[in-house]
Structures are given as C-alpha cells and as structure tokens.
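Undergrad: Residue numbers are given in this note's numbering: position 8 of the sequence shown equals residue 213, and the series is strictly consecutive. Beta carbons are placed, not taken as given, at the ideal position from N, Cα and C, and that holds for glycine. A quick note: this is a predicted structure, and the numbers were derived from the prediction, not measured. Below you'll find the structure I mean.
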Amino acid sequence: MKIYTKTGDKGTTSLIGGTRVNKDDVRLEAYGTFDELSAFIAVLSDSEGVEQHHIEVMDRIQNCLLILESCLALEPAANSQQPIVKYIPQLTDDDVLFLESEIDAINAQLEPMKTLIIPGGNILASRSHVCRTVCRRAERRLVEMGREYEVDDVLRRFVNRLSDYFFTLSRLFMKNAGVDEKPWKPKK
206 MKIYTKTGDK GTTSLIGGTR VNKDDVRLEA YGTFDELSAF IAVLSDSEGV
256 EQHHIEVMDR IQNCLLILES CLALEPAANS QQPIVKYIPQ LTDDDVLFLE
306 SEIDAINAQL EPMKTLIIPG GNILASRSHV CRTVCRRAER RLVEMGREYE
356 VDDVLRRFVN RLSDYFFTLS RLFMKNAGVD EKPWKPKK
C-alpha cells in the first residue's frame, strides 16, 4: 500500500464512504485533534517511570480513539449504506464505565483536592496535563462538529471522562514522585 496518493494535493481528502471534503472541514479538525491526542498519549505512555497498568490503560484508550476517529470520519450517508460500516466498531457505555472505574481507582489513592492545581513539578504529570488539555480541545472540536452533524452521545461522554482521567493520572504521578502539587494562589 502506498503512503502517498496525491489525491490530497489540492487541499481535499476523502471521508469513509468516498465523499471529498476540504482538509479544514470541521469533521477533519475534530478527528485530527483526536489523532494529535493519541500521539501525545504515546509520548506519555512511552515515558520512563510509567507503570505497566497505566501503559495498558493508555493502549486501550488509543484503540478507543481510533474507533472514535473512524466514527467521525464516516460520511453521514454512509452510516447504513456502505459495506465498510459494518466493520467499524463502536464505543459503548462499557468504554465510559472503564474510564470511570480507572478514575475512581486512582482517586482512591489521592488526598482530596482543596484548591485548583497548576500543572508542573514532574515530567509525567506535566505530560499527562498536556494530554488533558489536548483532550479538552478535541472535545471542543467534537461539540463544534455536533452543531452540523450527528455525534453519538457515548462519544461525548467518553471524551469528557478521558480528560478527567488524565487530570487524575497527573495527580497520581505527582504523588508517586513525592512531589507536592502546585496549588493555585489567587491574588489578594
């Protein structure tokens, strides 16, 4: 399979189903931002000091993100008419519940928050915050896309939990490194 096709040289690309769209289409902006998030997750997962369990969780998350990206790249008319659709898996409530259980398990190991937290202090925590903030940007692109196209509610819930997961994980990395969280100190 060739990597380059030359079909996108004039600023368009194909959705799953064959429809050509501009490369700055809201759908591409959405699934492209989730692709960016997956790359940042890889940087975090590949970092020295990440426990095997968290690597496995992030691996599952990256697989879920590819499913999500496929759903967003599917042209609306293709939802039932294209044979390829039956091969595209879907995110389910179980995926959302998985994230919630991971968040709860991590949170049980942490002290309750007393103030807002400023990112920084440990490289793993900082990389997790990058994942969180890119996830929030991807979520905004998903909301924007939802104004024009149907977006499955489970995708929205999964993404909302995902940023919470990375926030909670950043706190665990700080705790495990023995580094105090940096509390927000508002001006008086």
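Only counting the same chain, and skipping five residues up and downstream in sequence, which positions put a Cβ closer than 7 angstroms to that of Leu270?
TA: The residues are Phe239, Leu242 and Ser243.
Undergrad: Does DSSP put Ser333 in a helix, in a strand, or in coil?
TA: If DSSP states are grouped into helix, strand and coil, Ser333 belongs with the helices.
Undergrad: Quick check on DSSP: helix, strand or coil for Arg225?
TA: Looking at Arg225 - three-state DSSP - the assignment turns out to be strand.
Undergrad: Can you tell me whether Lys211 is helix, strand or coil according to DSSP?
TA: Note: Lys211 maps to coil in three-state DSSP.
Undergrad: Under 8 angstroms Cβ to Cβ from Pro281, same chain only, skipping five residues before and after it: list those, please.
TA: For Pro281, where only same-chain residues beyond five positions count, the Cβ hits under 8 angstroms are Tyr354 and Glu355.
Undergrad: Excluding the 5 residues preceding and the 5 following Ile246 in the sequence, name in chain order all residues of the same chain whose CB lies nearer than 7 angstroms to its CB.
TA: Only Met263, Ile266, Gln267 and Cys336 meet the Cβ criterion.
Undergrad: Check whether the region 297-304 and the region 343-350 are in contact - that is, three or more C-beta pairs closer than 8 angstroms.
TA: No: the two stretches stay apart, fewer than three of their Cβ pairs being nearer than 8 angstroms.
Undergrad: Are there three or more Cβ pairs, one per stretch, closer than 8 angstroms when the region 372-392 is compared with the region 319-334?
TA: Taking 8 angstroms as the limit for Cβ pairs, the verdict is that the region 319-334 does touch the region 372-392.
Undergrad: Among Lys228, Leu374, Glu344 and Leu220, which has the Cα closest to the Cα of Ser331?
TA: When each option's Cα is compared against that of Ser331, the closest is Leu374.
Undergrad: Between which two residues does the alpha helix (DSSP H) carrying Ser252 extend?
TA: Unbroken run through Ser252: none, as it is neither H nor E.
Undergrad: Given this structure, state the Cα-to-Cα distance separating Val248 from Arg225, to the nearest angstrom.
TA: The straight-line gap from Cα to Cα measures roughly 32 angstroms.
Undergrad: Taking DSSP as the reference, what is the three-state secondary structure of Ile322?
TA: In the structure shown, Ile322 sits in a strand (DSSP, three-state: E or B).
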